[in-house]
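Number of protein chains: 2
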Amino acid sequence: MNIRTDEFSLIAKYFQRSHGAGDDAGSAVSASSQNRSRRDIAVGIGDDAAIVIPPTGCGIAVTTDTMVSGVHFDEKVPVDAIGHKLVAVNLSDLAAMGAEPAWLSLSCAFPSIDENWLTAFSRGFFAALDYYHCELIGGDITKGPLTLTLTAQGIVPAERYLKREGAQPGDRIYVSGTLGDAALALAAQQGKVSVPPEHMAALEKRLFYPTPRVALGQLLRNQATSAIDLSDGLLGDIQHILVASGVGARIQLDTLPFSQAFAESISGPDGWRYQIAGGDDYELCFTIPESRCGNLETLALQAGVKVTCVGIIDGSRELRFFEKNQACDIDFHAYSHFQGA
Amino acid sequence: MNIRTDEFSLIAKYFQRSHGAGDDAGSAVSASSQNRSRRDIAVGIGDDAAIVIPPTGCGIAVTTDTMVSGVHFDEKVPVDAIGHKLVAVNLSDLAAMGAEPAWLSLSCAFPSIDENWLTAFSRGFFAALDYYHCELIGGDITKGPLTLTLTAQGIVPAERYLKREGAQPGDRIYVSGTLGDAALALAAQQGKVSVPPEHMAALEKRLFYPTPRVALGQLLRNQATSAIDLSDGLLGDIQHILVASGVGARIQLDTLPFSQAFAESISGPDGWRYQIAGGDDYELCFTIPESRCGNLETLALQAGVKVTCVGIIDGSRELRFFEKNQACDIDFHAYSHFQGA
Chain G
0 MNIRTDEFSL IAKYFQRSHG AGDDAGSAVS ASSQNRSRRD IAVGIGDDAA
50 IVIPPTGCGI AVTTDTMVSG VHFDEKVPVD AIGHKLVAVN LSDLAAMGAE
100 PAWLSLSCAF PSIDENWLTA FSRGFFAALD YYHCELIGGD ITKGPLTLTL
150 TAQGIVPAER YLKREGAQPG DRIYVSGTLG DAALALAAQQ GKVSVPPEHM
200 AALEKRLFYP TPRVALGQLL RNQATSAIDL SDGLLGDIQH ILVASGVGAR
250 IQLDTLPFSQ AFAESISGPD GWRYQIAGGD DYELCFTIPE SRCGNLETLA
300 LQAGVKVTCV GIIDGSRELR FFEKNQACDI DFHAYSHFQG A
Chain C
0 MNIRTDEFSL IAKYFQRSHG AGDDAGSAVS ASSQNRSRRD IAVGIGDDAA
50 IVIPPTGCGI AVTTDTMVSG VHFDEKVPVD AIGHKLVAVN LSDLAAMGAE
100 PAWLSLSCAF PSIDENWLTA FSRGFFAALD YYHCELIGGD ITKGPLTLTL
150 TAQGIVPAER YLKREGAQPG DRIYVSGTLG DAALALAAQQ GKVSVPPEHM
200 AALEKRLFYP TPRVALGQLL RNQATSAIDL SDGLLGDIQH ILVASGVGAR
250 IQLDTLPFSQ AFAESISGPD GWRYQIAGGD DYELCFTIPE SRCGNLETLA
300 LQAGVKVTCV GIIDGSRELR FFEKNQACDI DFHAYSHFQG A
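Just so you know, the protein sequences line up as chains G and C, in that order.
0 is the number of the first residue of the first sequence in numbering that gives the first Met the number 0; add one for each residue after it.
0 is the number of the first residue of the second sequence in numbering that gives the first Met the number 0; add one for each residue after it.
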């Protein structure tokens, strides 16, 4: 069997979907029109490169994330969740720029072809992609240690994208959703903490199937002065806003939002570690002038996303944590890959 | 040492370049303006996503290629050549669409941090990128088996991009440059063939430092009816044009262009194997109506790229090879990754 043919048949079987054939039975669907569920895709999978046609007056947000077997996931992670999460972590970056997700490029290295794995992976991948109405436009499949790289592109009106710089003293600091569920689930899987069995499923759902805050990111375009997504935890991620903006922050630990499952599993200072240093929440953290807070909270409620004020930007250039207005020392660090390297 | 800091310091040291500081000494270069050697980059490396501003009326060509240690390169490949080739193979795909290269996203998995390797890799990477006036806008560095994924984006006037489909019976088939050097160099390295020592450097240069035909691709926008880049060899790659266009082709083996080093190392049917099935040439193959051939050859000469007519498109839906107008049987296959999978 020709090996190159194998690569193409894998793409055709698992990653190249025919759109519109059902709506327009009997018409010939040419190779070039198969990927046009989005009309801004002129050439989809199957040529040397894809061609997309951006709307006039828009910027394109571009982000890339890699997930490596044994580093970002292991055999405890459901395979469809790997597909979901690869999409979610990239769309979370687009959300933090205020962009609308549009086009994805997927590159995979596989040690061998496992059709069951591919079926489950592509199911999770395309379910996430369909939910956010974005489309796979190309990629690469090669032999190698299991590694998945996704480049996601989104559309944002020029000059209205969000950045990490822009936070001003007096701005309120908000986070979306709840914090700490994913990190607590991971710690429980690793036996580092004990969690009531009835809450494990809810916590693991947040670890395995994170929700990128795509709608909220677009709502923030006219509101927030800075934004970032919480992939490594509030402790590390908010420092990017502070450095880029040349400001400091005061975080009120007792205002950090938590889920019911989290609250019934852990509390107080033990919980804060997971909430601010655990990572994998994929919530948005953003700053907003006090005058816009009421409007923002109303808009977010209408969009079905909870947002919580957890602190305030100041001119100190320091990041300080408080509990009921008393300063707290934090003795733990943000997550990073090359520990000890 | 904080691990996450490591990742950011690696990016800052090897992948994030400050532009314009030398031209404008004394001015403060903010984080957000560091990546603006191209003025169409509004936000470069260092935020959740990059923001690029495409020109009005243009399409964006997007392509992704992955290179895996032990699969696409080994210790015989100079490290700076790995950086060069990662850029070259992606720009070759953009060239085949007629696009002007613009923005690159790089994702790397490293088993550990080898500063010598990173120095050499980034030297080759940025030399290629600078030559083609494109810019790194983002990426990801993570721990894992050595794997490099590049997504390249190029700009092409809407409706003027090249595709694989469009070849018509009677069109002439052209290739750029010469064929077979890279494959012959690889076979010689592997001891499969003997090459005169005085020619090895010239052949290896083509294997290690391929030249994407970026200028030629843009010249072809108004000329070619179809185009593809030769990454897997003419035998396999032209079939993509034939299938996409619903046509057949006759290739004259004795017209295939070769370098002097190639001609003095191997000849005749033994050489054809490397020229049509060897791959890694990164030349363009394209089809063009006979009426435009004279004009095309003149334009290409002016641009300093040799183009050679090697055959003709016909209505047969078959790919046939000829030597001096006598039909030849070909008993070898195009390159592919999952051999035996």
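The C-beta atom is built at its ideal place from N, Cα and C for all residues, glycine as well.
Original post:
If we count the other Cβ atoms within 10 Å of its Cβ and call it buried at 16 or more, is His-132/C buried or exposed?
Top reply: Counting every other CB atom within 10 Å of its CB across the protein chains shown gives His-132/C a total below 16, marking it as exposed.
Original post:
So is Lys-142/G in contact with chain C if we call contact Cβ pairs under 8 Å?
Top reply: yes
**OP:** Taking only beta carbons into account, state which residues of the segment 158-177 of chain G come closer than 9 Å to chain C, listed in chain order.
**Re:** Those would be Glu-158, Tyr-160, Leu-161, Lys-162, Arg-163, Glu-164, in chain order.
Original post:
Near Phe-72/G, what residues of its chain come up, given a Cβ to Cβ distance below 7 Å and the 5 sequence neighbours on each side ignored?
Top reply: Met-66, Ile-81
**OP:** Consider the Cβ of Ile-59/G: report whether some Cβ of chain C lies at a distance smaller than 8 Å.
**Re:** yes
**OP:** Compute the Euclidean distance between the alpha carbons of Tyr-13/G and Asn-89/C, then round it to the nearest angstrom.
**Re:** 23 Å
Original post:
Counting contacts by CB-CB distance shorter than 8 Å, is Asp-73/C in contact with chain G?
Top reply: no
Subject >> CB of Gly-232/C within 8 Å of CB of Gly-303/C, strictly >> reply: No, the pair does not count as a contact, with Cβ atoms beyond the cut-off.
**OP:** Count the other CB atoms, across all protein chains shown, that sit within 10 Å of the CB of Lys-142/G; report buried if there are 16 or more and exposed otherwise.
**Re:** buried
Subject >> Coarse secondary structure for Ala-24/C, derived from DSSP in three states >> reply: Because Ala-24/C sits at a pLDDT of 34, beneath the cut-off of 50, its placement in the model cannot be relied upon, and the following sentence gives the value as read from the coordinates. Ala-24/C sits in coil when the DSSP states are folded into three classes, being neither helix nor strand.
**OP:** Please confirm whether Asn-270/C and Phe-257/C have their CB atoms less than 8 Å apart.
**Re:** Checking the sequence shown, residue 270/C turns out to be Gly, not Asn. Yes, they are a contact pair.
**OP:** Spell out whether any CB of chain G is found under 8 Å from the CB atom of Thr-118/C.
**Re:** no
**OP:** Anything in the segment 189-202 of chain G with a Cβ closer than 9 Å to a Cβ of chain C? List those residues in chain order, please.
**Re:** Residues of the segment 189-202 of chain G with a C-beta less than 9 Å from any C-beta of chain C: none at all.
**OP:** Quickly, what does DSSP pair Val-42/C with across the bridge? List them, please.
**Re:** Ile-50/C
Original post:
If Arg-319/G sits next to Arg-249/G, beta carbons under 8 Å apart, how far is it from one beta carbon to the other, in whole angstroms?
Top reply: Rounded, the Cβ-Cβ distance is 5 Å, consistent with contact.
Original post:
Apart from the five residues just before and just after Gly-145/G, which ones in its own chain have a Cβ nearer than 7 Å to its Cβ?
Top reply: Per the sequence shown, residue 145/G should be read as Leu rather than Gly. Once the five neighbours on either side are set aside, the close Cβ partners of Leu-145/G are Ser-68, Ala-108, Phe-109, Pro-110.
Original post:
What are the boundary residues of the alpha helix (DSSP H) that includes Gln-251/G?
Top reply: Taken as a continuous stretch (DSSP letters only), Gln-251/G belongs to no alpha helix (DSSP H), being part of the beta strand (DSSP E) at 247-251.
Original post:
Among all the DSSP beta bridges, which residues are the ones paired with Phe-72/G?
Top reply: Ser-68/G
Subject >> Given Ala-262/G as reference, the closest of Val-76/G, Glu-296/G, Ser-91/G, Gly-179/G once Cα atoms are compared >> reply: Gly-179/G
Original post:
Where does the unbroken beta strand (DSSP E) through Gln-15/G begin, and where does it stop?
Top reply: Looking at the DSSP string, Gln-15/G is not in any beta strand (DSSP E), and its letter there is neither H nor E.
Subject >> Spatial distance of Gln-251/C from Gly-97/G (CA atoms) >> reply: 55 Å
Original post:
Curious, which full-length beta strand (DSSP E) runs of at least 3 residues does the segment 152-229 of chain G contain?
Top reply: Taken in chain order, the complete beta strand (DSSP E) segments of 3 residues or longer contained in the segment 152-229 of chain G are 171-175, 225-229.
Original post:
What is the residue span of the alpha helix (DSSP H) that Cys-292/G lies within?
Top reply: 292-301
Original post:
How would you list, in chain order, the residues of chain G whose beta-carbon sits under 7 Å from the beta-carbon of Gly-138/C?
Top reply: Thr-63
**OP:** Just tell me which of Thr-210/G, Ala-182/G, Ser-36/G, Arg-220/G has its CA closest to the CA of Tyr-281/G.
**Re:** Cα-wise, what sits closest to Tyr-281/G is Thr-210/G.
**OP:** Taking only beta-carbon positions, decide if Ala-30/G is within less than 8 Å of chain C.
**Re:** The predicted model places Ala-30/G with a pLDDT of 42, which falls under 50 and marks its position as unreliable; any figure quoted below should be read in that light. Yes - at least one Cβ of chain C is within 8 Å of the one on Ala-30/G.
Original post:
So, helix, strand or coil for Leu-241/G, using DSSP?
Top reply: helix
Subject >> Length-filtered (3 minimum) beta strand (DSSP E) runs lying within the segment 91-139 of chain G >> reply: List check, beta strand (DSSP E) in window: 99-109.
Original post:
Going along chain C, which residues have a C-beta under 8 Å from Trp-102/G?
Top reply: Val-61
Original post:
Does any C-beta atom of chain C lie closer than 8 Å to the C-beta of Ile-227/G?
Top reply: With 8 Å as the cut-off, Ile-227/G counts as an interface residue toward chain C.
Subject >> Straight-line gap, Ser-106/G to Asp-47/C (C-alpha atoms, nearest Å) >> reply: 20 Å
Original post:
Mind checking if Ser-26/C is an interface residue toward chain G, Cβ cutoff 8 Å exclusive?
Top reply: Note on Ser-26/C: pLDDT 34, under 50, position unreliable in the model; the coordinate value appears next. Chain G contact via Cβ: absent.
Subject >> Residue-level contact to chain C via CB, Pro-53/G, 8 Å cutoff >> reply: yes
Original post:
Between the segment 190-199 of chain G and the segment 122-140 of chain G, are three or more C-beta pairs nearer than 8 Å?
Top reply: Output reads no: the segment 122-140 of chain G does not touch the segment 190-199 of chain G.
Original post:
If you count every other CB in all the chains shown that lies within 10 Å of the CB of Asp-328/C, and 16 or more means buried, which is it?
Top reply: By the neighbour-count rule (16 or more Cβ atoms within 10 Å), Asp-328/C is not buried but exposed.
**OP:** With DSSP as the reference, label Ile-275/C as helix, strand or coil.
**Re:** Here DSSP, grouped into helix, strand and coil, assigns Ile-275/C to helix.
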